[in-house]
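Input: a single structure, listed below in structure tokens.
Number of protein chains: 2
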Amino acid sequence: MIETNIFFSALSNDVRLRCLMLLVEEEELCVCEFTHALGLAQPAVSRHLALLREAGIVLDRREGLWIHYRLHPDMPQWALEVLQVTAQGIVGLSPFQDDLKVLEDMPNRPGAPRCA
Amino acid sequence: MIETNIFFSALSNDVRLRCLMLLVEEEELCVCEFTHALGLAQPAVSRHLALLREAGIVLDRREGLWIHYRLHPDMPQWALEVLQVTAQGIVGLSPFQDDLKVLEDMPNRPGAPRCA
DNA sequence: ACGTTATATATGGTATTTGATATATATTGT
DNA sequence: ACAATATATATCAAATACCATATATAACGT
């Protein structure tokens, strides 16, 4: 990822920022976990994740039917720090706080790293 | 400032991000310094600064004919950290690096805190 | 090969953002 | 009161982003 305007416009949408805040906390998530946590329709989530992927902010990995997303390991250090600093600042606020709670209560999570 | 989408969409424009990166380094600048450093028309700069003001990211202060802008002191800590981390990451790249150099070489700067 | 599940892409309508240009406001000096 | 300077706002066309809905793809089990 190179262009700062693409990076920040990616963060400027609520749905995408909520997805990223979840990824800062949760390491790796599949689409069904995002749709469950955010309470949004699958095409909406998928389209926003596609934009994050094209921006180089997330990386996807297919495993059977599931596609797992995580923060892109090649993201510049400053961009990762922006995400982490933002998460520290807003993770206690709505709707981000609720998203995490809903995700943790989700039944039958696919890969489910247990949330400490 | 409260809404994350307003904050990040403010940063998603090149002109505004360049203004903010200058403010992270320079403390306080007036409009003529922005227009000189960025090489843009006054109305363009003024409108972008207005947007930053409405978003609560900068604060303006009139002194005679000049209007000085600085980072808003009431900005949430995490937002300020986002700006600082971003500056550390990109201040060495174009066009941000050049903006600073052009500003330092500007003749007859108004308040001009000398740049260390 | 067929159905099912998980995810992706396409489409169209509407709203927002942008850049360029013109005009307005506010302050100072005379 | 007038001119000059610094800055702000208004306007409009073009581009972009957004949401909702419909459709397509890809992998798996039978």
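If you're matching them up, the sequences are chains A and B in order.
Taking the numbering used here, I'd label the letters of the first sequence as residues 707 to 822.
Taking the numbering used here, I'd label the letters of the second sequence as residues 707 to 822.
Glycine included, C-beta positions come from ideal geometry on N, C-alpha and C.
Chain A contact for residue i (CB, 8 Å cutoff)
i, result
"B:ASP805", "no"
"B:ALA745", "Residue identity differs from the one stated: residue 745 of chain B is Gly in this sequence, not Ala. By this cut-off, B:GLY745 is not an interface position."
"B:GLY762", "no"
"B:TRP772", "no"
"B:VAL751", "no"
"B:PHE740", "no"
"B:VAL808", "no"
"B:GLU787", "yes"
"B:LEU717", "yes"
Which of helix, strand or coil DSSP assigns to residue i
i, result
"B:PRO819", "With a pLDDT of only 44 at B:PRO819, under the threshold of 50, the placement of this residue in the model should not be trusted; the figure read from the coordinates follows. Reduced to three states, the DSSP call for B:PRO819 is coil."
"B:GLU734", "strand"
"A:ILE708", "coil"
"B:SER715", "helix"
"A:ASP805", "helix"
"B:GLY795", "helix"
"B:HIS778", "coil"
"B:ASP811", "coil"
Option in the options with minimal Cα separation from residue i
i, options, result
"B:VAL737", "B:LEU771, B:ILE796, B:PHE714 and B:GLU731", "B:LEU771"
"A:GLN803", "A:ARG753, A:ARG759, A:VAL788 and A:LEU744", "A:LEU744"
"B:ASP805", "B:GLU769, B:ASP720 and B:THR710", "B:ASP720"
"A:MET812", "A:ALA716, A:THR741, A:ARG724 and A:PRO782", "A:THR741"
"B:PRO782", "B:VAL764, B:GLN748, B:LYS807 and B:ARG753", "B:VAL764"
Whole-Å CB distance - residue i paired with residue j, under 8 Å assumed
i, j, result
"A:GLU733", "A:ARG776", "6 Å"
"B:ALA793", "B:GLU709", "Contact doesn't hold; Cβ gap of about 22 Å is too wide."
CB contact below 8 Å: residue i versus chain B
i, result
"A:LEU755", "no"
"A:LEU800", "Just to set this straight, residue 800 of chain A is Ser in the shown sequence, not Leu. No, A:SER800 lies away from the interface with chain B (no Cβ there is under 8 Å from its Cβ)."
"A:ASP766", "no"
"A:LEU723", "yes"
"A:VAL730", "no"
"A:ASP720", "yes"
"A:GLN783", "yes"
"A:ASN711", "yes"
"A:GLN748", "no"
"A:VAL791", "yes"
Exercise. What runs of the beta strand (DSSP E), each 3 residues or longer, lie entirely inside the segment 744-776 of chain B?
Worked result: 764-769
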